[in-house]
Amino acid sequence: MAEHIQVLKSEEEVDARIKQMGEQISRDYAGREIHMICVLKGGSFFMCELAKRITVPVTIDFMSVSSYGSDTKSSGVVKIVKDLDESIQGKDVLVVEDIVDSGRTLSYLMEMLRDRNPKSLHLCTLLDKPDRRVVNVNVDYTGFQIPDAFVVGYGLDYDQKYRNLPYIGVVEFD
569 MAEHIQVLKS EEEVDARIKQ MGEQISRDYA GREIHMICVL KGGSFFMCEL
619 AKRITVPVTI DFMSVSSYGS DTKSSGVVKI VKDLDESIQG KDVLVVEDIV
669 DSGRTLSYLM EMLRDRNPKS LHLCTLLDKP DRRVVNVNVD YTGFQIPDAF
719 VVGYGLDYDQ KYRNLPYIGV VEFD
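569 is the number of the first residue of the sequence shown in the working numbering; add one for each residue after it.
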């Protein structure tokens, strides 16, 4: 089965929105330091671009959480592949994710992080698919709400391919 990619959000649209998000986050965290937690692998492209546009001090850490495997739909089984390198106790934490769809993974992750006693805990995502939500997740910062389509680019992948596309595209199968 072959696939091709249809542009959903252009590189220019994504860049402009990330700049706006960085400005908003900088205002919201004025006078504080943000400890950003990137959810790997997909969130890394977004977090790097977002962090460059935030004007308050930023520290970073990474987690790898999996619920997909090589399929196009969430399996519902959440697995921590890589945990944080340092404690988040007492820190203002911003979790940075590439996409929120069913909410299963993020709900699990946010609850786990909340139990580690951060000063504050917020969620930022580049893409949100509210039509796919099966578990309620409070998203504090959203780049774009998108329809229920399988998307790639800007860190998002299909079977580890297409992460490097500089735009958000919809995978269409032949």
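The beta-carbon is built from N, C-alpha and C at its ideal position, and this holds for glycine as well. Nothing here was measured: the structure is a model prediction, and the numbers come from that model.
Could you give the residue range of the beta strand (DSSP E) that holds residue i?
i: Gln713; result: 709 to 713
i: Val649; result: 647 to 650
How many Å lie between residue i and residue j at the Cα?
i: Arg672; j: Leu608; result: 16 Å
i: Met680; j: Lys659; result: 15 Å
i: Ser594; j: Lys587; result: 11 Å
i: Phe718; j: Pro698; result: 13 Å
i: Leu677; j: Ile573; result: 30 Å
i: Ile656; j: Leu674; result: 17 Å
i: Asp725; j: Phe613; result: 12 Å
i: Val664; j: Gly611; result: 6 Å
i: Ala570; j: Phe741; result: 6 Å
Which residues mark the beginning and the end of the alpha helix (DSSP H) in which residue i is found?
i: Phe630; result: Taken as a continuous stretch (DSSP letters only), Phe630 belongs to no alpha helix (DSSP H), being part of the beta strand (DSSP E) at 626 to 634.
i: Phe741; result: First-last for Phe741: 736 to 741, but that is the beta strand (DSSP E), not the alpha helix (DSSP H).
i: Gly599; result: Gly599 -> no alpha helix (DSSP H), and no H or E assigned at all.
i: Gly555; result: Because the chain in this structure spans residues 569 to 742, residue 555 falls outside the shown range and cannot be described.
i: Lys609; result: Where Lys609 is concerned, there is no enclosing alpha helix (DSSP H), given that its DSSP letter is neither H nor E.
Could you have a look at residue i and say whether DSSP puts it in helix, strand or coil?
i: Glu571; result: strand
i: Lys577; result: strand
i: Asp683; result: coil
i: Val703; result: coil
i: Gln657; result: coil
i: Ile586; result: helix
i: Arg621; result: coil
Exposed or buried, residue i, counting other C-beta atoms within 10 Å across all chains shown (16 or more means buried)?
i: Asp666; result: buried
i: Pro625; result: exposed
i: Gly723; result: buried
i: Gly599; result: exposed
i: Asp683; result: exposed
i: Asp696; result: buried
i: Pro686; result: buried
i: Val649; result: exposed
i: Thr693; result: buried
i: Asp669; result: buried
i: Val575; result: exposed
i: Lys647; result: exposed
Give the DSSP bridge partners of residue i, in chain order.
i: Lys729; result: Tyr726
i: Leu662; result: Met604, His690
i: Ala720; result: Strictly speaking, residue 720 in this sequence is Val, with Ala absent from that position. DSSP, once it has assigned bridges, lists Gly737 as partnering Val720.
i: Asp696; result: Val668, Gln713
Between residue i and chain D, is there a C-beta pair that is closer than 8 Å?
i: Tyr726; result: You won't find chain D in this structure, because it holds only one protein chain.
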